[in-house]
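Chemist: First to last, the sequence lines map onto chains A and B. In short: position in the first sequence from 1, add 1, done, that's the working numbering. In short: position in the second sequence from 1, add 1, done, that's the working numbering. My questions will all concern the structure given below.
Protein chains: 2
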Amino acid sequence: MKARVTIMLKDGVLDPQGEAIRHALAGLGHKGVDGVRQGKVIELDLTATDADAARTEVTRMCETLLANTVIEKYAVEIL
Amino acid sequence: MKARVTIMLKDGVLDPQGEAIRHALAGLGHKGVDGVRQGKVIELDLTATDADAARTEVTRMCETLLANTVIEKYAVEIL
Chain A
2 MKARVTIMLK
12 DGVLDPQGEA
22 IRHALAGLGH
32 KGVDGVRQGK
42 VIELDLTATD
52 ADAARTEVTR
62 MCETLLANTV
72 IEKYAVEIL
Chain B
2 MKARVTIMLK
12 DGVLDPQGEA
22 IRHALAGLGH
32 KGVDGVRQGK
42 VIELDLTATD
52 ADAARTEVTR
62 MCETLLANTV
72 IEKYAVEIL
């Protein structure tokens, strides 16, 4: 079973990497970009076969290791 | 209009960051993880109102700046 975790900075947390991308895109002539946020995506191959159990396990991974929940939000998808 | 670009290393390209995460998860007792791949997600706020035009523009951004198409693959979603 596969799971995908998407981790983004929380709204309101400054994202200098996203801002750098916005600036670079403007420099290349892409004018229609109002804002950019960059985050991480982590794809996991799991041995679990039960979707609910997998979601619980991946959520625990996010809370303990994958995300810094002070400044980041995460979303778990089971694929 | 919002767009989300997901950028992952192509299959077969070594992903040491993903491997480090897998190792750390195993160390924390998460045994049921066979493999981990890490990538980037970029969320764009666009002024475009036409979905097809937005998709074309974002694809062009990926080809010119956002992704290294030699080693990375990307997917564009219009939200």
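Even for Gly, the Cβ is constructed at its ideal location relative to N, Cα and C.
When you compare each of A:GLU44, A:GLU73, A:THR48 to MET9 of chain B by their alpha carbons, which one comes out closest?
Modeler: A:GLU44
Chemist: Taking Cβ positions, are ASP46 of chain A and ASP35 of chain B nearer each other than 8 Å?
Modeler: The answer is yes: Cβ separation under 8 Å.
Chemist: Using a Cβ-Cβ cut-off of 8 Å, state whether ALA49 of chain A counts as contacting chain B.
Modeler: yes
Chemist: For GLU64 of chain B, which residues from the same chain have a beta carbon less than 7 Å from its beta carbon, with the 5 sequence-adjacent residues on both sides left out?
Modeler: Cβ within range, chain order: THR70.
Chemist: Over what stretch of residues does the alpha helix (DSSP H) that includes GLU21 of chain B continue unbroken?
Modeler: For the sequence presented, residue 21 of chain B should be read as Ala rather than Glu. Membership of ALA21 of chain B in the alpha helix (DSSP H) is indicated by the continuous run 17-28.
Chemist: Just to confirm, is the Cβ distance from ARG23 of chain B to VAL37 of chain B under 8 Å?
Modeler: For ARG23 of chain B and VAL37 of chain B, yes; Cβs fall inside 8 Å.
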